[in-house]
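Data first, discussion second: the structure below is written as structure tokens.
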Amino acid sequence: MSKRLAVVTGTSRGIGRAIAEGLSSRGLRVLTTSRDADLGAKTARELGLPFFPLDVASPASVEALAEHLAQTEGGLDVLVNNAGVALDGFDAGVARRTLDVNFVGAMRTTDRLLPLLGDGARVVMVSSGMGSLDGVSAALRERFTATSLTRDELTALADRFVAEVAARTHERTGFPSNAYCVSKIAMNAYTRILARELASDPRRILVNAACPGWVRTDMGGASAPRSPREGARTPVWLATLPDGGPSGGFFRDERAIDW
Ligand SMILES: NC(=O)c1ccc[n+]([C@@H]2O[C@H](COP(=O)([O-])OP(=O)(O)OC[C@H]3O[C@@H](n4cnc5c(N)ncnc54)[C@H](OP(=O)(O)O)[C@@H]3O)[C@@H](O)[C@H]2O)c1
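Structure below.
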């Protein structure tokens, strides 16, 4: 039987690179991907792994990856949505671009690759403790955690945040002045939606979100206490969970944490 195939997004550097390395050392075949094709390909060469360019904010780019996987592999066993941005400043443009990568990008990639996921597949969202629901009002918390929440309603909620940032009314309605936090809250809500759907899927797919902790990367900065390898630990663990493991949870240091 051929080895399980993992696709990791945003592997050119940081935690994504360490996740690719970690999964490869656990015996999976890993397809590395990232938006910056030059750096992504260079990292892939250093790791001795294949590379495919992928900008999760581009529907055409996600489609190209899906077609490549369908034609060359027929499917995949692990998807780790690690690609993410933390942009400087705060306005409607920053909010839109942040959500497009961190939330919509992860949802778009996962939904497009979902039909290609095989039996016992694992989906991991690299989220953040900054996506804690403590960051929004009680009314929004209720909306984000409603078990009836659909993708369309979640997308509308994210769009509403951007519109309210533009109108400068977002704080009045309970959103924080932080696009990164809202993008990870939305990513977490999507994780729960997907886990609910997959609970009745015969493929026994597990989907979970991970907080890597504060990690020394371009995003986390030089003072962060954790190495990328330490940050990759929980995502790698979730990507290699045995059958019967948890689904629809949020984990840090391999332990469940509150949304
Ligand atoms: N560092 C921390 O302390 C920390 C804490 C909590 C959560 N996280 C999360 O961990 C994940 C990785 O963060 P990191 O610290 O490793 O950040 P990083 O060093 O800035 O790396 C981010 C990676 O995401 C890729 N990326 C960005 N936009 C993309 C897009 N549109 N399409 C595809 N790839 C894209 C980048 O590739 P390009 O070079 O091609 O742009 C890069 O490979 C993120 O989701 C982040 O939110 C990090």
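Per the working numbering, the very first residue in the sequence shown carries number 12; after that it's consecutive. Glycine included, each C-beta is placed from N, C-alpha and C at the ideal position.
- In terms of Cβ geometry, V73 and T120 form a close pair [threshold 7 Å].
- Using a Cβ-Cβ distance cut-off of 8 Å, the segment 126-135 and the segment 237-255 are in contact, since at least three pairs of beta carbons, one from each stretch, lie closer than that value.
- Taking the Cα positions, S238 is about 16 Å away from N93.
- At least one heavy atom of ligand 1 sits closer than 6 Å to the Cβ of W225.
- Per the coordinates, the alpha-carbon of L144 lies some 19 Å from the alpha-carbon of D264.
- Taking each of L168, F186, G140 in turn and checking the Cα distance to A149, the smallest one comes out for F186.
- Per DSSP, reduced to three states, the secondary structure at M136 is strand.
- Taking C-beta separations shorter than 7 Å and ignoring five residues to either side along the sequence, the partners of P236 in its chain run W225, following chain order.
- Exposure of A167 is indicated by the presence of fewer than 16 other C-beta atoms within 10 angstroms of its C-beta.
- Membership of S36 in the alpha helix (DSSP H) is indicated by the continuous run 25-36.
- Burial state of D88 is buried, judged by a 10 Å Cβ sphere holding 16 or more other Cβ atoms.
- Only residues of its own chain outside the window of five on either side were considered, and among them L16 have a CB closer than 7 Å to the CB of E84, listed in chain order.
- For D170, the uninterrupted alpha helix (DSSP H) segment begins and ends at 162-178.
- Collapsing the DSSP output to three states places P126 in a helix.
- Taking L65 as reference, the option from G116, G59, F101, I30 with the minimal CA-CA separation is G116.
- Closest in C-alpha terms to D163, from the list M141, C192, E175, A200, comes A200.
- By a beta-carbon distance limit of 8 Å, L160 contacts I204. Their separation comes to about 6 Å.
- With respect to the 7 Å criterion, A106 and A190 are classified as neighbours on the basis of their beta carbons.
- Note: V18 is bridge-paired with L42, L90 in the DSSP secondary-structure output.
- When secondary structure is reduced to three states using DSSP, V218 falls in the strand class.
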